[in-house]
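Undergrad: Everything in the sequence shown is counted per the UniProt record's numbering, starting at 1 for the first residue and increasing by one. My questions will all concern the structure given below.
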Amino acid sequence: MTQKRWGIALCLSATVHLMLVAGISFFYLRDKPEALAEPLLPIEVELGEYNVEDDPADAPVQAAAPNPRPSRPAPVAISRLAPESAPVFADTAPTAAPKAVKEKMPVQEKAGQAGNGTGSASQSDSGHGHDAQGSSPYGGAGRLPYVIEGPPPPYPEEARLRGWEGTVRVRVLVLEKGTVGDMAIVQSSGYRSVDQSAVSGLRRWRFSPAYQGGRPVPAWVVVPVVFQLE
């Protein structure tokens, strides 16, 4: 009889302990905050086309525009490194830039490395000397890029022997440090060796970069390279 009572007491004690443990677990799980399934990842936003009619300097970037224009990988508008037009800034839309009043500077030509021919590239600075100021597409004043070191490309031996002449117009991206970035031939001379010599020669050029808002910015320029036998 005594053993039976002890068995009943042990069963009741175990039942009470199980109920207490279950209650504590329930309240702990209910108050525990839910963990995030995945960490939040930053997203990359590609801005659309720049509109020159908007206030450019201090306008905040909105998260979503009502009718965003499709972005373009690279500007289409081409600017010459000649006095008739200004360079195209790399981060602006490919729209026609306002014409700026410029003063034509003397064109510097250096002899090439080939025998009786020369390869020369026009170097024109807009404005007054190397501190030229031009109108910026953003509405503020900015300095245009100019050449500080431009050795002429060598005249290809094949072109010299065959009497090939021509002009190669190359679009050059001048980076913030004045080095040459991307390049593309806008107008070919009609001879592959001549075109390659022009591109290889311009790769060694050094520029003073364009300035906008007091800081250097990348800008596109087009450099004509003339190959003419003497």
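Positions of the beta carbon are idealized from the N, C-alpha and C atoms, including for glycine. It should be emphasised that the depicted structure is a prediction, and the values quoted were computed from it without experimental measurement.
Quick one: Cα of Arg169 to Cα of Ser188, how far?
TA: One C-alpha to the other measures close to 7 Å.
Undergrad: Which residue from Gln228, Ile8, Tyr211 puts its Cα closest to that of Val174?
TA: Answer by Cα proximity: Tyr211.
Undergrad: For a test of the three-state rule: what should DSSP assign to Gly201, helix, strand or coil?
TA: Three-state DSSP puts Gly201 in a helix.
Undergrad: Beta carbon of residue 232, beta carbon of Trp164: below 9 Å?
TA: This structure cannot settle anything about residue 232, because the visible part of the chain is limited to 1 through 230.
Undergrad: With a 10 Å radius around its C-beta and 16 neighbouring C-beta atoms as the bar for buried, classify Leu161 as buried or exposed.
TA: With fewer than 16 other Cβ atoms within 10 Å, it is exposed.
Undergrad: Specify the secondary structure class of Glu158 as computed by DSSP and reduced to three states.
TA: Helix, per DSSP.
Undergrad: Using a Cβ-Cβ cut-off of 7 Å (strictly less than) and excluding sequence neighbours within five positions of Tyr191, which residues of its own chain qualify?
TA: Taken in chain order, the residues that qualify are Ala159, Trp164, Gly166.
Undergrad: Express the C-alpha separation of Ile148 and Arg204 in angstroms, rounding to a whole number.
TA: For Arg204 and Ile148, the distance between alpha carbons rounds to 11 Å.
Undergrad: Mind checking Ser197: buried by the 16 CB within 10 Å criterion, or exposed?
TA: Under this definition Ser197 is a buried residue.
Undergrad: From this set, Arg206, Gly142, Pro156, Phe207, which residue's C-alpha is nearest Leu229's C-alpha?
TA: When each option's Cα is compared against that of Leu229, the closest is Pro156.
Undergrad: So Val186 and Val226 are supposed to be a Cβ contact under 8 Å. How far apart are they, rounded?
TA: Not confirmed; about 14 Å, so no contact.
Undergrad: How close, in whole Å, do the beta carbons of Gly178 and Ser208 come, if the pair is a contact with beta carbons under 8 Å?
TA: Confirmed, Cβ separation roughly 6 Å.
Undergrad: Beta strand (DSSP E) containing Leu175: first to last residue?
TA: Unbroken run through Leu175: none, as it is neither H nor E.
Undergrad: What would DSSP say about Gly214, mapped onto helix, strand or coil?
TA: DSSP places Gly214 in coil when its eight states are reduced to three.
Undergrad: Leaving out five residues on either side along the sequence, give the residues of the same chain with a beta carbon under 6 Å from the beta carbon of Pro216.
TA: Glu176, Pro209, listed in sequence order.
Undergrad: Taking all protein chains shown into account, decide if Gly214 is buried (16 or more other Cβ within 10 angstroms of its Cβ) or exposed.
TA: The residue is exposed, with fewer than 16 neighbouring Cβ atoms inside 10 Å.
Undergrad: Does DSSP classify Ser13 as helix, strand or coil?
TA: Here Ser13 sits in helix by DSSP.
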